[in-house]
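One structure below.
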Amino acid sequence: MSVSFSHYYDDYENFFQRLNPPRVVIDNESSKNATVIRVNSANKHGILLDVVQVLTDLNLIITKAYISSDVFNVTDQDGNKVIDESILNYITKNLGSDSSSSSPMRSIGVKQSVDHTAIELMGSDRPGLLSEVSAVLTDLKCNIVDAEVWTHNSRAAAVMHVTDEETGCAITDQVRLSLIKELLCNVLCCYDKINGKAQTTVVTHEVTHTERRLHQMMFADRDYERDDEDDDNEFDNGMEKPKVDVVNWSEKDYSVVMIQSKDRPKLVFDIVCTLTDMGYVVSHASINAERPEAYQEYYIRHIDGSPVKSDAERQRLIQCLEAAIKRRVSEGLKLEICTTDRVGLLSDVTRIFRENGLTVTRAEVSTKKGKVANTFYVRGASRCPVDFKTIETIRQSVGNTILKVKGIPQQSNPTNSQESSTRSLFAGIFKSRSLVDLVKSYS
């Protein structure tokens, strides 16, 4: 019986981890404006991402960080110190001696439920795509409990968690799962075949970290490849282009990645996630992400210890980091819908968007205790701003008290605050586009 060297190496790593567990010190005294977290851990591939992922999943903002000394300054969403004992205990547990030492792909942070079926979609972006996907799932008696959708460079990626409409549990029937995959492939294939683009549909019960998976999917789809004209058009709409450069520090055999961009939540996670998945180890880093600008420097090497080896690799790394930053940039008007959950809600809402000429550029769907909190970023045709009359029409369909609009002035004299029950989406009058019509349109 033969035993591989990697088996002994993994045992040694786990033994070393038990003898030298990461130590976490949380300090709310030394800084006036932030909670300081010090993590003393082994410097191995993936550890930095684990730390950043825990902090990001808790919706904490990393304002400063010094990776060589493993120090992170964090605040809550309102810019205050973190004083909630449950959050502090959670950080200590997940980054300290009680944390798992499994692979860097482990899902830590806010845990996802295993009582659902995960669906991953990758294909060409187009108006109405989310509406068509959610309509198919609704007709197949699937309830979408959570979903996240990103679009970038004419590509769209989505991770959706669905349950059986009747049981509220994961779907286990293999015949039904195959049908779901087949029909979703039809939705994606119709456009991708014309344009010669690849598409993927995966149905699984594995628990993965949604946002990291979206980065991996879009990276694998090479969404970072684009020509200069497309790049200029993207930033003509008021989006600020990040500045990314990579230079080699020959004396120390490091490559230095320098990034300057507009600050936003989860920016550090997006950068570290991309560097990790591209096979780079961050040995040192300095991060200053106090708004409105963020400045980051990462000293990186390949896993084998070598720096960036060619100008082609340097250009590819720059492109990939720019793409990682821009994927989460929220282009368009922000719409929030908070209401009681029901099967088909996402399908109906996105259909109304489509019928009013709106394109969803990013979406976050969440369900907790029978309540849904959906966030959509939408724009008009040809990247035009959304017309105020369009928003008023959608308000009448969805409900004034249910839909919140972020980013445009409120009308001083609403024409009619009284909602018509016959026009309200939630009165159940509107129905999803039938599955038969959808399948026919793609045949």
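Residue numbers for the sequence shown follow full-length UniProt numbering, beginning at 1 and rising by one. Note that the Cβ used here is the ideal one computed from N, Cα and C, for glycine as well.
Tell me which same chain residues have a C-beta within less than 8 Å of the C-beta of residue i, skipping the five on either side of it?
{"i": "I61", "result": "V74, T75, D76, Q77, G79, P265, A289"}
{"i": "residue 476", "result": "Residue coverage of the chain in this structure runs from 1 to 443, which leaves residue 476 outside it and unanswerable."}
Report all residues from its chain with a CB closer than 7 Å to the CB of residue i; omit the five preceding and five following residues, and keep chain order.
{"i": "P307", "result": "N248, D253, Y254, S255, R301"}
{"i": "L214", "result": "E148, W150, A157, V159"}
{"i": "G370", "result": "T340, D341"}
{"i": "L129", "result": "A156"}
{"i": "T204", "result": "A118"}
{"i": "G279", "result": "H302, I303"}
{"i": "L275", "result": "V282, Y298, I300"}
{"i": "H152", "result": "M218, D223, A323, K326, R327"}
Can you give the beta carbon distance from residue i to residue j, rounded, assuming they're within the 8 Å contact cut?
{"i": "D270", "j": "I325", "result": "6 Å"}
{"i": "E297", "j": "V360", "result": "That belief does not hold up - the Cβ atoms of E297 and V360 are roughly 35 Å apart, past 8 Å."}
{"i": "D146", "j": "S283", "result": "Incorrect: roughly 36 Å between the Cβ atoms, too far for contact."}
{"i": "L95", "j": "V54", "result": "6 Å"}
{"i": "S154", "j": "D125", "result": "5 Å"}
{"i": "V268", "j": "A65", "result": "7 Å"}
{"i": "L184", "j": "T200", "result": "At roughly 10 Å, the Cβ-Cβ gap does not stay under 8 Å, so L184 and T200 are not in contact."}
Give the straight-line distance between the Cα atoms of residue i and residue j, rounded to the nearest whole angstrom.
{"i": "E293", "j": "T35", "result": "20 Å"}
{"i": "I391", "j": "N143", "result": "27 Å"}
{"i": "R354", "j": "D223", "result": "24 Å"}
{"i": "L137", "j": "L321", "result": "34 Å"}
{"i": "R106", "j": "R327", "result": "Any reading at R106 needs caution, since the residue's pLDDT is 33, under 50, leaving its predicted position unreliable; the model's value is listed next. Each residue's Cα considered, the two are about 23 Å apart."}
{"i": "L403", "j": "L48", "result": "39 Å"}
{"i": "E364", "j": "E251", "result": "45 Å"}
{"i": "L346", "j": "S397", "result": "14 Å"}
{"i": "K210", "j": "L333", "result": "It should be noted that the sequence gives Thr, not Lys, for residue 210. One C-alpha to the other measures close to 23 Å."}
{"i": "G305", "j": "V281", "result": "8 Å"}
{"i": "A323", "j": "S68", "result": "26 Å"}
{"i": "A285", "j": "Y299", "result": "6 Å"}
{"i": "C169", "j": "I91", "result": "30 Å"}
{"i": "G399", "j": "K241", "result": "36 Å"}
{"i": "C189", "j": "K93", "result": "45 Å"}
{"i": "P127", "j": "P385", "result": "15 Å"}
{"i": "S101", "j": "R383", "result": "Low per-residue confidence applies at S101: pLDDT is 42, beneath 50, and the placement is therefore not dependable, though the value from the model is reported in the following sentence. Spanning the two alpha carbons is a distance of roughly 45 Å."}
{"i": "T167", "j": "Q319", "result": "45 Å"}
{"i": "S310", "j": "N40", "result": "34 Å"}
{"i": "V372", "j": "T56", "result": "22 Å"}
Sorted by chain position, which residues of the same chain lie with C-beta nearer than 6 Å to residue i's C-beta, five sequence neighbours on each side aside?
{"i": "K243", "result": "Q260"}
{"i": "L317", "result": "V246"}
{"i": "D27", "result": "V36"}
{"i": "M217", "result": "M122, A157"}
I'd like to check one pair, residue j with residue i: are the Cβ atoms closer than 8 Å?
{"i": "E165", "j": "K141", "result": "yes"}
{"i": "V71", "j": "R23", "result": "no"}
{"i": "L358", "j": "G380", "result": "yes"}
{"i": "V405", "j": "N374", "result": "no"}
{"i": "L58", "j": "I87", "result": "yes"}
{"i": "R351", "j": "A135", "result": "yes"}
{"i": "R226", "j": "D263", "result": "no"}
{"i": "T401", "j": "N356", "result": "no"}
{"i": "C273", "j": "R314", "result": "no"}
Would you verify that the beta carbon of residue i is, or is not, closer than 8 Å to some beta carbon of chain C?
{"i": "I67", "result": "Absent from the structure is chain C; it holds one protein chain and no more."}
### Message
Any contact between the region 116-129 and the region 165-184? By contact I mean 3 or more CB pairs, one from each, below 8 Å.
### Response
At 8 Å Cβ cutoff, the stretches touch.
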